[in-house]
Amino acid sequence: MDMGLSSEQIAIRDSIRKFLQAENPIAVAGKATQSPAGYAVDVWRKIAELGWPGIGIPEQYGGGGLGLQELALMYEEFGRALYQGPHFGGAFLCGQLVLKLGSENQKQELLPAMASGRSIMSLALLEESARWDEPGISLRAQRTRDGWRLTGTKLFVTHATAAHELLCAARDVETGGISLFRLRDPKALSISLMPSTFGTLYHEVMLRDVPVTGDNIVGSPGNSWSAIREVLEWGAAAQCAEMVGLAQSILDMSVEYAKVRVQFGRPIGTYQAMQHVLADMVTRLDCARLLTYQAVSLLADGRPSQRELAMAKAYVNEGAYQIALDGMQVHGGIGYMMEHPLPYYVQRILYGKMHLGDTDVYLEAVAQALGL
Amino acid sequence: MRFYFTPEQEAFRAELAEFFKREIPPGYNDRISCSTVLEVEMSEEEFRQGLAFDRKLIERGYYVMHWPKEYGGQGKSVVDYSIFNEAYGYHSPPSVTDRGRNVVGPGLMVIGTEEQKRRFLPAIARLEAITCLGWTEPNAGSDLSAIETTARLDGDDYIINGQKMFISIAHYATHIFMTALTDTSVPKRQGMSLFIVDMRSPGISLSPLISMDGKRINVVYFTDVRVPAANLVGTKNRGFQQLAMTANYERGNVALPAAYQRVFDEFIEFIKHNKIGGRDLTKDPEARHRLADTAIALETWRMICWRVVWLQSQGQVPQAESSMVQLLRKQTTPKVSRLLWELGGPLAQLKQGTRWAVMNGKLEYYSQHAFNIHGQGGIAQTKNAIARRGLGMPRQQG
């Protein structure tokens with residue numbers, strides 16, 4: 039049992055924190071999802087210069103050669119600073135998928151480009167069911183003489199207009215299994231914005247008889263789901279870490295505010311009722327972080343982790359949501375105004391809670407892990 | 004970051020599981036066991052059975068394995084000891100008490116004189132001294148500084164007068180580790196001292212209090228009880244401050260979540276093989292989600308306990324982290340027992356003695372035990388401590 043971070047991990051975490059404090063102030067972070075690209079392009083460029091997009095990609099492919107622990111720490115800092123960029127659906131998820139499934143040529147071509155930030159990929163996975171599971175994929179891949187033809191509609195594709203290429207999950211008509219395809223020219227596809235809480239984040243991508251040549255399949259036909267599932271597990275762990283960072287910031291600003299906000303002649307933080315809300319917040323946050331780190335540690339070392347990951351996501355979903363509500367209570371009216379950072383954090387928690395499966399999904403996963 | 008045990012630690016866990024399975028009498032855990040973790044009331048016979056099992060723990064070197072060798076321990080790490088404690092809680096063997104090895108002994112090591120350590124620690128390590136804790140009084144509950152019991156110096160002795168309230172296992176104990184005021188002319192926090200008192204001393208008498216879950220607790224009365232001055236532990240008039248140092252040791256107790264995990268696991272197994280009131284709960288979507296939610300709460304509580312253990316293993320003194328253990332306990336035990344009570348339905352109220360009792364009456368027992376949520380301060384007081392020690396919130400003014 040070692041609940042601590044290595045000195046190298048602390049150094050990585052601190053340098054990310056310092057960078058984002060300087061480069062990603064709330065004035066930038068809050069507007070990012072409303073911008074045309076869906077993220078702050080300048081901040082991302084600087085992040086790419088520092089090599090962080092490749093943190094989880096092996097050194098031989100131009101990455102940092104680190105693992106899920108460091109990815110999770112990076113996402114915790116992203117959450118803390120409200121940084122939202124094209125990394126998650128790109129160099130993280132697509133990077134790991136290419137690493138697991140891609141040919142050597144594909145790895146050589148794609149991974150260094152993603153690691154350096156030169157190329158942005160995006161994962162086109164969800165469809166009408168909007169669930170991160172295998173039955174939700176029905177976009178058809180029909181074999182042709184020199185490849186495949188894809189027909190169907192992908193939803194919630196992040197940063198689709200900024201992406202240089204998409205990685206698209208499809209159902210192989212012959213085998214019924216799931217295949218992954220590179221769509222190398224997203225601009226040629228029919229893409230439309232899905233307006234949401236998160237501005238320009240999501241797009242609908244419609245494919246009608248889109249030809250894909252044989253060299254653009256990643257992995258073998260019909261056999262890619264288990265790799266996708268594994269990568270989504272890493273994603274869920276990192277998503278937990280991001281929510282822990284978001285919740286940490288909400289707690290920090292609530293503690294600070296409770297110490298300086300004076301009502302009825304004294305700081306509201308001197309009232310026990312207020313202290314109890316803050317005590318609940320910090321306790322939930324610590325629990326969320328412990329469960330997240332536990333899942334990260336087990337996943338990173340390839341140990342059995344179904345139960346622990348499901349527990350982490352279910353707990354963090356609910357814990358962060360409650361911390362968001364409690365933060366609103368501490369702040370009162372000003373916390374509900376878009377001039378204040380709090381609404382952006384709350385909205386991002388709403389995103390993280392739903393992203394990769396809400397609590398019901400993970401409660402069911404825990405029940406199954408219990409043998410029920 | 005490594006949130007799992009090393010191969011050596013896993014081997015120790017396997018050794019413990021094998022030991023407990025082999026040594027616990029067959030059928031012992033099919034009913035409510037008188038595990039000291041849950042503090043189930045013991046009959047005379049169960050007390051002897053518990054003593055016999057504790058002696059096995061002593062023989063095997065488990066009992067005080069975290070103590071230094073010079074006082075009868077093995078000098079093992081707090082992590083190893085907690086692995087033992089977790090197994091002890093989960094397997095719930097017959098046992099008399101763990102207060103001596105968890106609270107009194109470690110406290111003595113910090114604040115006792117060398118003479119006191121030599122006199123008491125080996126006796127506690129061999130369970131020749133069974134210690135109870137005398138901190139609370141009728142007017143001193145959450146506020147342990149509000150005691151009224153006095154200890155007046157008289158030659159080489161102190162004369163103790165007063166009463167201690169809610170004292171578990173006092174009716175079996177040989178000694179009581181207690182507070183008393185040694186200077187009544189100053190504020191109580193500056194005039195309190197700690198004593199170890201022989202329970203056979205003339206002038207000590209007991210009267211029972213019976214708790215909701217059927218356990219005997221005690222009021223301990225002191226009438227002109229004569230105690231050698233050598234039994235004042237630590238520094239005279241610094242007892243309140245030293246009490247806080249002593250109490251820190253029991254905070255990361257992983258045994259209690261393990262005991263609750265045990266009944267939860269047994270319930271899961273039970274519903275896999277039995278219907279309750281004609282219902283297959285494993286197929287009920289709401290029951291599945293509630294069971295999953297409770298499993299998460301148990302795991303969370305366990306992790307919060309292990310964090311305290313880990314901090315201690317790093318030489319740190321947990322502060323708000325210890326209070327979180329208390330808070331999680333007080334939030335999780337009612338959650339577990341409410342789940343059992345509600346999923347068990349009307350059958351959950353039945354005790355051992357009818358074939359209709361679910362899990363031989365264990366559900367009924369836990370439904371009562373979970374209301375034991377006052378020890379070491381209630382939820383409100385615990386949250387005060389978290390806010391002040393963890394977040395630096397100011398004390399309430401006026």
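Line order of the protein sequences matches chains G and F.
Read left to right, the first sequence gives residues 39 to 410 (this note's numbering).
Read left to right, the second sequence gives residues 4 to 401 (this note's numbering).
The beta carbon of each residue, even a glycine, is placed where N, CA and C say it ideally should be.
Nothing here was measured: the structure is a model prediction, and the numbers come from that model.
With a threshold of 6 Å on Cβ separation, who are the neighbours of residue i within its own chain once the five nearest residues in sequence on each side are excluded?
{"i": "threonine 335 of chain F", "result": "Ala300 and Trp304"}
{"i": "leucine 330 of chain F", "result": "Thr385"}
{"i": "serine 210 of chain F", "result": "Val222"}
{"i": "isoleucine 376 of chain F", "result": "Lys333"}
{"i": "phenylalanine 273 of chain F", "result": "Met362"}
{"i": "glycine 123 of chain G", "result": "Tyr77 and Trp82"}
{"i": "glycine 357 of chain G", "result": "Arg322 and Ala326"}
{"i": "glycine 257 of chain G", "result": "Leu139 and Leu218"}
{"i": "glycine 307 of chain G", "result": "Ala296 and Lys297"}
{"i": "proline 141 of chain F", "result": "Met168"}
{"i": "glutamine 385 of chain G", "result": "Thr235"}
{"i": "alanine 128 of chain F", "result": "Val67 and Gly75"}
{"i": "glycine 185 of chain G", "result": "Val250, Thr251 and Gly252"}
{"i": "methionine 312 of chain G", "result": "Ala296 and Ile306"}
{"i": "tyrosine 400 of chain G", "result": "Ala348, Lys351 and Ala352"}
Leaving out the 5 sequence neighbours to the left and right, which residues in its chain are closer than 8 Å to residue i when beta-carbon positions are compared?
{"i": "glycine 194 of chain F", "result": "Leu184, Thr185, Asp186, Thr187, Ser188 and Asn240"}
{"i": "glycine 283 of chain G", "result": "Tyr113, Glu114, Glu115, Phe116, Gly117, Arg118 and Ala119"}
{"i": "serine 167 of chain G", "result": "Pro173 and Gly174"}
{"i": "methionine 396 of chain F", "result": "Ala390"}
{"i": "asparagine 387 of chain F", "result": "none"}
{"i": "lysine 191 of chain F", "result": "Ser148, Ala149, Ile150, Leu184 and Phe243"}
{"i": "serine 316 of chain F", "result": "Ser80, Val81 and Val82"}
In the DSSP assignment, what residue or residues form a beta bridge with residue i?
{"i": "threonine 199 of chain G", "result": "Note: threonine 199 of chain G sits in no beta bridge, so no partner."}
{"i": "arginine 155 of chain F", "result": "F:Ile162"}
{"i": "serine 208 of chain F", "result": "F:Tyr224"}
{"i": "glutamate 186 of chain G", "result": "For the record, residue 186 of chain G in the displayed sequence is tryptophan; it is not glutamate. G:Arg181 and G:Val250, per the DSSP bridge assignment."}
{"i": "asparagine 105 of chain F", "result": "Paired residues: none, contrary to the question."}
{"i": "histidine 241 of chain G", "result": "G:Val195 and G:Leu231"}
{"i": "aspartate 210 of chain G", "result": "G:Ala179"}
{"i": "serine 217 of chain G", "result": "G:Ala208"}
{"i": "glutamate 140 of chain F", "result": "F:Ala143"}
{"i": "leucine 235 of chain F", "result": "F:Phe198"}
{"i": "arginine 219 of chain F", "result": "F:Ile213"}
{"i": "valine 300 of chain G", "result": "G:Pro305"}
{"i": "arginine 5 of chain F", "result": "G:Asp40"}
{"i": "phenylalanine 123 of chain F", "result": "DSSP output for phenylalanine 123 of chain F lists no bridge partner at all."}
Report all residues from its chain with a CB closer than 7 Å to the CB of residue i; omit the five preceding and five following residues, and keep chain order.
{"i": "valine 320 of chain G", "result": "Leu289"}
{"i": "glycine 401 of chain F", "result": "Because glycine 401 of chain F carries a pLDDT of 48, less than 50, the predicted location of this residue cannot be relied on, and the following value inherits that uncertainty. So no residue of the chain qualifies."}
{"i": "lysine 145 of chain G", "result": "Tyr99, Val136 and Leu137"}
{"i": "leucine 231 of chain G", "result": "Thr238 and His241"}
{"i": "lysine 338 of chain F", "result": "Thr297 and Ala300"}
{"i": "alanine 126 of chain F", "result": "Ala132"}
{"i": "glycine 348 of chain F", "result": "Ile279 and Gly280"}
{"i": "arginine 16 of chain F", "result": "Phe8, Ile86 and Ala90"}
{"i": "threonine 213 of chain G", "result": "Pro259 and Gly260"}
{"i": "valine 404 of chain G", "result": "Arg345, Ala348, Met349 and Ala352"}
### Interface positions of the stretch 155-173 of chain F facing chain G (Cβ-Cβ less than 9 Å), listed along the chain
none
### Message
Would the stretch 151-168 of chain G count as touching the stretch 71-87 of chain G if we require 3 or more Cβ pairs under 8 Å?
### Response
yes
#### Entry: Contact list for the stretch 381-397 of chain F against chain G, Cβ threshold 9 Å
Ile382, Ala383, Thr385, Lys386, Asn387, Ala388, Ile389, Ala390, Arg391, Gly393, Leu394, Gly395, Met396 and Pro397
### Task
Note down, in chain order, all residues in the stretch 288-305 of chain G with a beta-carbon under 9 Å from any beta-carbon belonging to chain F.
Leu289, Val293, Ala296, Lys297, Arg304 and Pro305
#### Entry: Contact list for the stretch 296-330 of chain F against chain G, Cβ threshold 9 Å
Asp296, Ala298, Ile299, Ala300, Glu302, Thr303, Trp304, Met306, Ile307, Trp309, Arg310, Val312, Trp313, Leu314, Ser316, Gln317, Ala323, Glu324, Ser326, Met327 and Leu330
### Query
Quick one: complete alpha helix (DSSP H) runs, 4+ long, within the stretch 75-109 of chain G?
79-87
### Query
Which ranges does the beta strand (DSSP E) cover as unbroken runs of at least 3 residues, wholly within the stretch 118-166 of chain G, from first to last along the chain?
159-162
### Query
Any residues in the stretch 342-370 of chain G with a beta carbon nearer than 7 Å to a beta carbon of chain F? Which ones, in chain order?
Met349, Ala352 and Tyr353
### Task
Decide if the stretch 325-340 of chain G is in contact with the stretch 353-368 of chain G; the criterion is three or more beta carbon pairs, one per stretch, under 8 Å apart.
yes
### Task
Just list the alpha helix (DSSP H) runs in the stretch 348-374 of chain F, keeping only unbroken ones of 4 residues or longer that don't cross its boundaries, in chain order.
365-372
### Query
Are the stretch 203-217 of chain F and the stretch 156-175 of chain F in contact at 8 Å, needing three or more beta carbon pairs?
yes
### Task
Quick one: which residues of the stretch 283-296 of chain F get their C-beta closer than 8 Å to a C-beta of chain G? List them in chain order.
Thr285, Arg291, His292, Leu294, Ala295 and Asp296
#### Entry: Cβ contact (3+ pairs, closer than 8 Å) linking the stretch 198-210 of chain G and the stretch 174-183 of chain G
yes
### Task
With 9 Å as the C-beta to C-beta threshold (strictly closer), list the residues of the stretch 251-284 of chain G near chain F in chain order.
none
### Query
Is the stretch 259-272 of chain G in contact with the stretch 353-373 of chain F, if contact means three or more CB pairs nearer than 8 Å?
no
### Task
Report yes or no: do the stretch 149-167 of chain F and the stretch 101-119 of chain F share at least 3 C-beta pairs separated by less than 8 Å?
no
### Query
Is the stretch 225-240 of chain F touching the stretch 148-159 of chain F, taking contact as three or more C-beta pairs under 8 Å?
yes
### Task
With 8 Å as the limit, tell me which residues of the stretch 72-99 of chain F have their beta carbon closer than that to any beta carbon of chain G; keep them in chain order.
Val82
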